[in-house]
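Participant:
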Amino acid sequence: MPSNPEPRNSYDADLPAYTMGRAAELIGVTPAFLRSLDGTGLIEPERSAGGHRRYSRHQLDLAGRVRILLDQGFLLAAAVRIVTLEDRLAAAHRRIRALGGKLGPGEDASIPIQTRRDTTPRQNM
């Protein structure tokens, strides 16, 4: 008899716990903004049995970071690319550490890089 998967911890940052309306409210955006991120590949919300989008805390963090960059004048494609690369770098550094590797000074990205508010686009990307 197949075993049931372990229940997900409610503190799991990847648990799709938030409806679109609640997710938008939490990060101060509109539901339309969250829908606009669907086609970018950055965020792919899970769907409830009824087909409604469900977002995780990690996805909300990514969306919030994109919003900051958009507010600073970056185009959506550039903002998504920046946040995607920051997130991948942080994940790679966490993996290195989990495998017993060490990172030198200035190389530590175990915590996702907070998009700096003083960043300005060099040109329209």
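With full-length UniProt numbering applied, the sequence shown covers 1 to 125. Cβ atoms here follow ideal geometry from the backbone N, Cα and C, with glycine treated the same way.
1. Output needed for SER36: all residues of its chain with C-beta closer than 6 Å, excluding positions within five of it in sequence on either side, in chain order.
2. Sort ARG53, ASP38, ARG88 by Cα distance to GLY21 and report the nearest one.
3. Cα separation between LEU26 and LEU15?
4. Evaluate the contact criterion for the region 36-46 versus the region 60-69: three or more CB pairs, one atom per stretch, below 8 Å.
5. Note down, in chain order, each residue of its chain lying with its Cβ closer than 8 Å to the Cβ of VAL83, except the 5 sequence neighbours on either side.
6. Take SER48 as the anchor and find which of HIS58, ALA17, ARG81, ALA32 has the nearest alpha-carbon.
7. Alpha carbon to alpha carbon, how far is LEU99 from ARG57? Give it in angstroms, no decimals.
8. What's the call for ALA77, buried or exposed, on a 16-neighbour Cβ count within 10 Å?
Facilitator: A quick look at the data gives this:
1. none
2. ARG53
3. 16 Å
4. yes
5. LEU42, LEU62, ARG65, VAL66, LEU69, THR115
6. ALA17
7. 25 Å
8. exposed
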